[in-house]
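Everything below concerns the one structure shown next.
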Amino acid sequence: MFKRIFISSLVVTLVASLPIYDRVCELEEMPDLSFGLYSGYIPIRNGTFKMHYITALSQSDPNNDPVVFWFNGGPGCSSLLGFAQENGPYILSDEPGATFQYNNYSWNKEATVVYLSFPIGVGFSFPCDLNNTTGDCISSDTSTASDNLNAIITFFTLKFPELLSNPLYISGESYAGIYIPYLMREIDNYLHTSLNPLPLNLKGMLIGNGLSSYQWDCIPAFLDMAVYHNLMDEELHKRVSESCTWRDLMVKSAVGNAKCDLYFDEWMEQIDKLNIYDIYSYCEQSEGNRMTMYESDSMGKQSKRRGYTDWLQDWIPKSIVGKGLPQCEQGLGVDAYFNRPSVREQLHIDPTFTQKWEMCSSNLQYHQDFLGAVSIYPQLKKSGYRILLFSGDRDGAVPTLGTKRWLQNELKWDLVERQRPYYVNRQLGGYIIEYDGLTLGTIHGAGHMAPVLRPRETYHLIFNWIQNKTI
C-alpha cells in the first residue's frame, strides 16, 4: 500500500517535467496509460528529418529504473512492431478480430522503454522521397548508427533530460544484431573522443536472435538445424554442404554457383510453406492477422514490403527468389491499427505525413556493409559494457546454432560456465552459457520474436540479467 503510493508520487513528479506536448492522454484499445506514454518526433540531421519515437515510462520507479531502447530488424522494420506485438504495455495477438490486451510481461514493468523507428522512411519517420530521387531513403549500417546516436543525444537533451542519469541499455532483435553493436561503438567513440560529451550512462546491450556473422548465422546455420529437425534428408544436406560455401548461401554474386543453386533449390522447394521464424508453428498465408511478403495487403494492392529478415530474400540464389523461406508475418491487425486516422492523431503523427504506415518499409534503400558485427565486440568488452544474447531455440531465420558457432569459432572468448538449464515456475525456461564478458541465454520454445511465444520466460531472462540476479 505505502509502496504503491510512493511510486505514484514519483511518477507524478517525473511526468510533470516531461514533454507534455508528446504525452498520449488516450489511445484506442489501451484504457490505462497512467504510467505515462509519450509519442512524438526527435529531430535529426539539423532538424531536416523527424524520427518517430514512443516512450513507455516504467510502471515501477521511473526516476531510477533503466532506460531500454528497443529496435526491430529488417532492415527497415518499424519498432512499433515490438511495441504492439512483443514487449509493450498492451499487445495484439494474431487471432481474427483481436484487440489489444494488457501485457502482464510488458518490459515497462521495470524499465522505461523507448521505441525508435528508423532509418528515415520507416514507420512514421520522415520526410522520405518515395521515388528516392533525392537519396533521402538511402541508408547503411554506418549512417544508421550515426543517426541513432544523434537521436539518443537529442532524446536525453530535448525530451527526457530527467532520465539522463538512469542506466541505459540498447536492445532489439534480428537485424538489430548489426544495428546495436554499430550504435554501441558509435556511442563509445563519442563518449571517449568528444570534448564535452553528454554523459550517457550506457551499461550494455541485449540482442535477441540477432544476425551478427554472415559466415555462421542464418542460412549456414539453418542448413544444419534443418537436418537435425528432419526438414531435409542427410543425403541432400551433404550435397548442399559440399556444393555451397557460406558466401553462396548469404552473399549475392554475379558469378553464381550452378551446382549449389540446383541442390539449394531442391531444399527450398521442400520447405516452401515452412514458417522460418518458428519452425513448429503454422505459416498461415492469409488467415486472421497474418500476411506474407507477397500476398495482397489490407489496402488491396500487391505488397512488396521488406520483411523481418529481408536478407533471406535478397541473398538466396537468384534461381529461387520468391520460392522458398516465406515471410509468415503477423501483420494485418497492427497494419490496420496504426493506419486509423484516430490512432495517428492520438499518437501525434505529423499531419503532413500522409502515406500509409507499413510494418516494414517498401521504399527504403538499405546498403548492408556485409562486415558483420562480431569484430566490434572486443571494443565493447574493453570499455566494460555488459552483453546479453538471447535466442529462441525454434527460430530458423537466425538459429541459436549459428550464434553458438560464431561465439566459439570467431569471437573465441573464454568460457566461464558451461551450458546449464534455468527454470521459470518449475518449468524449463532455456539454457545459460557464460563467457568472459558475455551471456548467452536460450529461450526454450520461442521463435525469432521471443517475447511473442514465451513472454514470461523472456521477461525472466531479460530482467534477472539487467538486475544482476541469478538467472
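Mature numbering (1 follows the signal peptide of the UniProt record, and there is no 0) puts the sequence shown at residues -17 to -1, 1 to 454.
Positions of the beta carbon are idealized from the N, C-alpha and C atoms, including for glycine.
Keep in mind that this is a model prediction, so the values were computed, not measured.
For the stretch 125 to 207, the continuous beta strand (DSSP E) assignments of 3+ residues that do not extend past its boundaries occur at 151 to 156 and 185 to 191, in sequence order. Between the beta-carbon of aspartate 376 and that of isoleucine 426 there is about 7 angstroms, and that keeps the pair under the 8 angstroms contact cut.
Taking C-beta separations shorter than 8 angstroms and ignoring five residues to either side along the sequence, the partners of arginine 323 in its chain run Glu11, following chain order.
Contact between the stretch 365 to 374 and the stretch 189 to 204 is established, with three or more Cβ pairs separated by less than 8 angstroms.
Counting along the chain, tryptophan 340 sits inside no alpha helix (DSSP H), nor does DSSP assign it H or E at all. When the beta-carbon positions are compared, tryptophan 90 and tryptophan 389 stay at least 7 angstroms from each other. When C-beta atoms of the stretch 394 to 411 are compared with those of the stretch 425 to 444, three or more pairs fall below 8 angstroms, so the two segments count as touching.
In terms of Cβ geometry, leucine 166 and asparagine 131 form a close pair [threshold 7 angstroms]. Annotation for tryptophan 250: no beta strand (DSSP E) segment contains it, though the alpha helix (DSSP H) segment containing it runs 241 to 253.
With contacts defined by Cβ atoms closer than 7 angstroms, tyrosine 360 and leucine 398 do not form a contacting pair. DSSP lists Ser374 as the bridge partner or partners of threonine 425.
For the pair leucine 146 and aspartate 318, the Cα-to-Cα distance works out to about 31 angstroms. With 16 or more other CB atoms across the displayed protein chains lying within 10 angstroms of its CB, asparagine 86 is buried.
Closest in C-alpha terms to isoleucine 254, from the list Ser43, Ala241 and Met208, comes Met208.
Phenylalanine 139 and leucine 1 have their alpha carbons spaced roughly 11 angstroms apart. Rounded to the nearest angstrom, the Cβ distance from histidine 35 to tyrosine 24 is 6 angstroms, consistent with a contact under 8 angstroms.
When C-alpha distances from valine 96 are compared across Val105, Pro49 and Arg439, the shortest belongs to Pro49.
At the C-beta level, histidine 350 and serine 123 come within 7 angstroms of one another. In the three-state scheme derived from DSSP, where H, G and I count as helix and E and B as strand, glutamate 11 is classed as coil.
Looking at the DSSP output, methionine 34 bridges to Ile25. Shown here, glutamate 93 sits in coil according to DSSP, grouped into three states, outside any helix or strand.
DSSP places arginine 327 inside the alpha helix (DSSP H), whose first and last residues are 324 to 329. With respect to leucine 384, alanine 204 sits close: the two C-beta atoms are nearer than 7 angstroms.
Lysine 142 has its alpha-carbon roughly 10 angstroms from the corresponding atom of isoleucine 3. When secondary structure is reduced to three states using DSSP, glycine 57 falls in the strand class. Bridge partners of leucine 1 according to DSSP: none are assigned. Inclusion of tyrosine 173 and phenylalanine 54 in the CB contact set at 7 angstroms is not warranted, their separation being larger than that value.
Inside the stretch 397 to 454, DSSP marks whole alpha helix (DSSP H) runs of 4 or more residues at positions 433 to 436 and 438 to 449, from first to last along the chain. Phenylalanine 109 sits in a strand when the DSSP states are folded into three classes.
Per DSSP, the continuous beta strand (DSSP E) segment holding tyrosine 349 begins and ends at 348 to 350. Straight across, the Cα-Cα distance linking aspartate 248 with glutamate 156 is about 28 angstroms. The distance from the Cβ of valine 381 to that of leucine 194 is about 5 angstroms, consistent with a contact at the 8 angstroms cut-off. Around the beta carbon of tyrosine 211, fewer than 16 other beta carbons lie within 10 angstroms, which makes this residue exposed.
Under the DSSP assignment, serine 345 falls outside any beta strand (DSSP E); it carries neither an H nor an E label.
Residues of the same chain with a CB within less than 6 angstroms of the CB of threonine 453, apart from the 5 flanking positions on each side, do not exist. Between asparagine 213 and the set Tyr263, Ser224 and Ala67, the nearest pair of CA atoms involves Tyr263.
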